[in-house]
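Be aware that the sequence shown starts at 15, since it is given in the working numbering, and climbs by one per residue.
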Amino acid sequence: MVERSSAGAGASWLVAQFPAPLGTSPTAHQEVRPVLDHVIKGATVVDGTGAPGRTADVGIRDGRIAVIGTVTQEARTTDDATGLVLTPGFVDPHTHYDAQLFWDPYATPSLNHGVTTVAGGNCGFTLAPLHPDRPEDADYTRRMMSRVEGMALVALEEGAPWNWHSFGEYLDALEGRIAVNAGFMVGHCALRRYVMGPDAVGGQPSQEQLAAMVRLLREAMDAGAWGLSTTQSSSHSDGDGQPVASRHAQPAELLALSRAVGECEGTQIEAIVAGCLDQFSDAEIDLFVEMSAVAGRPLNWNVLTIDAAVPERVPRQLLASEQARKAGGRVVALTMPILTPMNMSLGTFCALNLIPGWGPVLGLPVPERIAKLRDPDVRAELLRRASSKEAGVFRRLANFGRYVIGDTYSEANAGLTGRVVKDIAEERGQEPFECLVEICAMDDLRTVLWPMPTDNDPASWALRAETWQHEDVLLGGSDAGAHLDRMCGAPYTTRFLGDCLRGRKLVGLEQAVKMLTDDPARLFGLRERGQVREGWHADLVLLDPERIDAGPATLVHDLPGDSPRLDSRALGVRAVWVNGVEAIRDDVVTGAVPGRVLRSGRDTETVSTR
15 MVERSSAGAG ASWLVAQFPA PLGTSPTAHQ EVRPVLDHVI KGATVVDGTG APGRTADVGI
75 RDGRIAVIGT VTQEARTTDD ATGLVLTPGF VDPHTHYDAQ LFWDPYATPS LNHGVTTVAG
135 GNCGFTLAPL HPDRPEDADY TRRMMSRVEG MALVALEEGA PWNWHSFGEY LDALEGRIAV
195 NAGFMVGHCA LRRYVMGPDA VGGQPSQEQL AAMVRLLREA MDAGAWGLST TQSSSHSDGD
255 GQPVASRHAQ PAELLALSRA VGECEGTQIE AIVAGCLDQF SDAEIDLFVE MSAVAGRPLN
315 WNVLTIDAAV PERVPRQLLA SEQARKAGGR VVALTMPILT PMNMSLGTFC ALNLIPGWGP
375 VLGLPVPERI AKLRDPDVRA ELLRRASSKE AGVFRRLANF GRYVIGDTYS EANAGLTGRV
435 VKDIAEERGQ EPFECLVEIC AMDDLRTVLW PMPTDNDPAS WALRAETWQH EDVLLGGSDA
495 GAHLDRMCGA PYTTRFLGDC LRGRKLVGLE QAVKMLTDDP ARLFGLRERG QVREGWHADL
555 VLLDPERIDA GPATLVHDLP GDSPRLDSRA LGVRAVWVNG VEAIRDDVVT GAVPGRVLRS
615 GRDTETVSTR
């Protein structure tokens, strides 16, 4: 309950009208302390350090935590937090809110789930810089983001102002209008496009162009970019279907840019290679190690998939971390502590398109696509490719009997929503993939499909709990703000805490909170964030330990242009404060925009690997 009082103002008036006698200090007769903006009384404070929770009051003043303990000072408002837990705001280390923040300053649903700081500009993709003499570059960027990050093109066109050229101007366009704290890497693809134009796709820079790229990166970091993000992943293609610009970069280019990162304060590297989806090659490990070592900065990558059915994956992926530490670098793997809900469709671009050999078939016009998918020989070849070693982590999508039918659109499919394909196939005397294709064909391929995870077994969860203890493994990788109608990773914070408190209980509450708050804050060098600590920024989450969780992912149409996205309600989150201002109350945004654009050097300090 929030109580509002004006007693503080009256106390200040009395002190002003009746000052202490000459020669005495006010504290000789009375203790005069400034009124607090808000007090959270009687919460169990889990401070983010891993220390045991303790009952205390927490007072907020001027955006910071003014006092922790027994608070007797007057406050403008108070919360009775008896039976509730107070934690630092959660830090999501991998999002793509670069565009969404313009039409949704609350970064929903992340803020609802207690995330007060987001890291954007990942995977080599940013909306800036844009060359002032090439207005067509903005259209290219929008189409690329739509294809590679699953953002609705109409939302990108209508929802963002596109009134910037430099990276600093992009940051300025967000300043003062967001409800979360947000920091951004600068994308390698944008740097290449700015300097090389269309030749960025397929071309190699001259020495002069490489020098210009390095200068542009430094300018972005001087303006506040957190560092460099880049991708070499085979799954990343632009709006024209071509490999994105950074995929054409040679190691010398990546190392030159990495070296520049090390010359600026409070910076990082984020990088994606093809092996992130399954297992690194030797060359990919060497590249990550060298990039981090020459920069003297941490490099994080996304996402470490943990599956007991592939026991060799985790040690192979963490070999990069071990070798980096020996070379004077640090390579950090991001991994999700939940199984992220993700839907599929044979009608629109999704993860199925990324299975080797599937793209050409799923890229055909719908009538031709249906005809191909109904061909038994084509289906057999698609299944063979989906189960092959080259499919990597996408092999998990090949068990079509374990798909659940979601939304359907034809009378022929009435009553199938919520049913498992294997059961329907047995009733019809069909193979599961054949059955799935026929169901989708009846809907002109609009059917929504939900694959059941194959790695939801006790052995995989035990392996996750073990892997989370590694010094170079960090929780995160939600991709929030991207793949909006396909997946919903933003609620990982509340779902994880609910699982820790009332589910598998793989990690204690204090450690779980540390993994969501102080650990990512320390990786990024966030100044005075990540802990409930006197003098630090008041980014706070008040939650009910008996209810904390995330609701099911549901499709809503609330993006510009009425475009769809998956959303999930936060359960048991009483309130969220960002810089001392209440931004969420009982899963509803308050309308306040107290977030800040966090800039390197000013808001982040250097986390050196040397």
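Cβ coordinates follow ideal geometry from the N, Cα and C atoms, glycine included.
inquiry  = In chain order, what are the residue ranges of uninterrupted beta strand (DSSP E) at least 3 long that sit wholly in the segment 426–514?
reply    = 463–465, 487–489
ask   = When the Cα of LYS55 is compared with those of LEU100, GLY64, LYS519, GLY67, which residue comes out closest?
value = LEU100
task = Could you pull out every residue in the same chain whose Cβ sits closer than 6 Å to the Cβ of THR481, ignoring the five residues on either side in sequence?
result = Contacts found: ILE320, VAL328, VAL487.
Alpha carbon of THR245 to alpha carbon of GLU172, nearest angstrom = 27 Å
request  = Would you kindly report the start and end of the unbroken beta strand (DSSP E) that includes GLN282?
outcome  = 282–287
query = Quick check: the segment 154–165 against the segment 75–85, are there 3 or more CB pairs under 8 Å?
reply = no
query = In terms of residue numbering, what span does the beta strand (DSSP E) encompassing ASP51 cover?
reply = Its beta strand (DSSP E) spans residues 50–59.
inquiry  = Below 8 Å on the Cβ atoms is my contact criterion, and I expect HIS127 with GLU163 to pass it. Report the Cβ-Cβ distance as a whole number of Å.
reply    = Not confirmed; about 20 Å, so no contact.
key: Proximal residues to ALA584 (C-beta, below 6 Å), its chain only, five neighbours per side dropped   = Contacts found: ASN126, HIS127, THR508, ASP601.
query = Span of the beta strand (DSSP E) holding ALA309?
reply = It is not in any beta strand (DSSP E) - ALA309 instead sits in the alpha helix (DSSP H) that spans 296–309.
request  = Mind listing, in chain order, the continuous beta strand (DSSP E) runs of no fewer than 3 residues lying wholly within the segment 225–291?
outcome  = 241–246, 282–287
key: Residues that LEU100 bridges to, as DSSP identifies them   = VAL59, LEU556
query = Between the segment 259–267 and the segment 204–223, do three or more beta carbon pairs fall short of 8 Å?
reply = yes
inquiry  = Within 10 Å of its beta-carbon, does LYS528 have 16 or more other beta-carbons around it, so buried, or fewer, so exposed?
reply    = buried
request  = Spell out a yes or no on whether the segment 385–395 and the segment 361–368 are touching, meaning 3 or more CB-CB pairs, one atom from each, closer than 8 Å.
outcome  = Pairwise C-beta distances place the segment 385–395 out of contact with the segment 361–368, as fewer than three of them are shorter than 8 Å.
query = Per DSSP, ASP106 forms a beta bridge with which residues?
reply = Paired residues: VAL132.
key: Own chain partners of GLN427 with C-beta closer than 8 Å, once the 5 adjacent residues on each side are dropped   = Position check: residue 427 holds Asn in this sequence, whereas Gln was assumed. So the qualifying residues of the chain are ILE419, ILE453, MET456, ASP457, THR461.
ask   = Should HIS571 be labelled buried (16 or more other beta-carbon atoms within 10 Å of its own) or exposed?
value = exposed
Per-residue burial, GLN331 [other beta carbons within 10 Å of its own, 16 or more giving buried] = buried
ask   = Does the beta carbon of MET501 fall short of 7 Å from some heavy atom of the ligand MG?
value = Absent from the structure shown: the ligand MG. Ligands present: none.
ask   = Is it the case that the Cβ atoms of PHE414 and PRO446 are separated by a distance below 8 Å?
value = yes
key: CB of GLU279 within 8 Å of CB of SER614, strictly   = yes
task = In the DSSP assignment, find the unbroken beta strand (DSSP E) run with GLY83 in it and report its ends.
result = 78–83
Under 8 Å between C-beta atoms of VAL303 and ALA334 = yes
inquiry  = Quick check on the DSSP output: the beta strand (DSSP E) that includes GLU596 runs from which residue to which?
reply    = 595–599
ask   = With C-beta atoms as the reference, is GLU267 less than 8 Å away from MET199?
value = no
inquiry  = Within the continuous alpha helix (DSSP H) that includes THR91, where are the two ends?
reply    = THR91: not part of any alpha helix (DSSP H); member of the beta strand (DSSP E) spanning 89–94, first to last residue.
message = Let's test the definition: count the other Cβ atoms within 10 Å of the Cβ of PRO390 and tell me whether it reaches 16, buried, or not, exposed.
response = exposed
query = To which residues of the same chain is SER19 closer than 8 Å at the C-beta, ignoring the five residues directly before and after it?
reply = Below a pLDDT of 50, predicted positions are generally treated as unreliable, and SER19, at 35, falls in that range; no measurement from the model is reported.
message = For the structure I just gave you, are there three or more beta carbon pairs, one from the segment 431–449 and one from the segment 287–303, closer than 8 Å?
response = no
ask   = Between the C-alpha atoms of GLY64 and ASP469, what's the straight-line distance to the nearest angstrom?
value = 29 Å
request  = Could you check how far apart the C-beta atoms of SER582 and PRO505 are, in whole angstroms? I think they sit under 8 Å.
outcome  = 4 Å
query = Can you name the residues that DSSP bridges to VAL592?
reply = VAL595
ask   = Which term fits ASN177, buried or exposed, when burial requires 16 or more other beta carbons within 10 angstroms of its beta carbon?
value = exposed
query = Is THR161 near ASP252, with beta carbons less than 8 Å apart?
reply = It is worth fixing the name first, because residue 161 is Arg in this sequence and not Thr. Yes; because the gap between Cβ atoms is below 8 Å, this pair is in contact.
request  = Report the rounded CA-to-CA distance for VAL607 versus THR122, giving the unit in angstroms.
outcome  = Cα to Cα, VAL607 sits roughly 13 Å from THR122.
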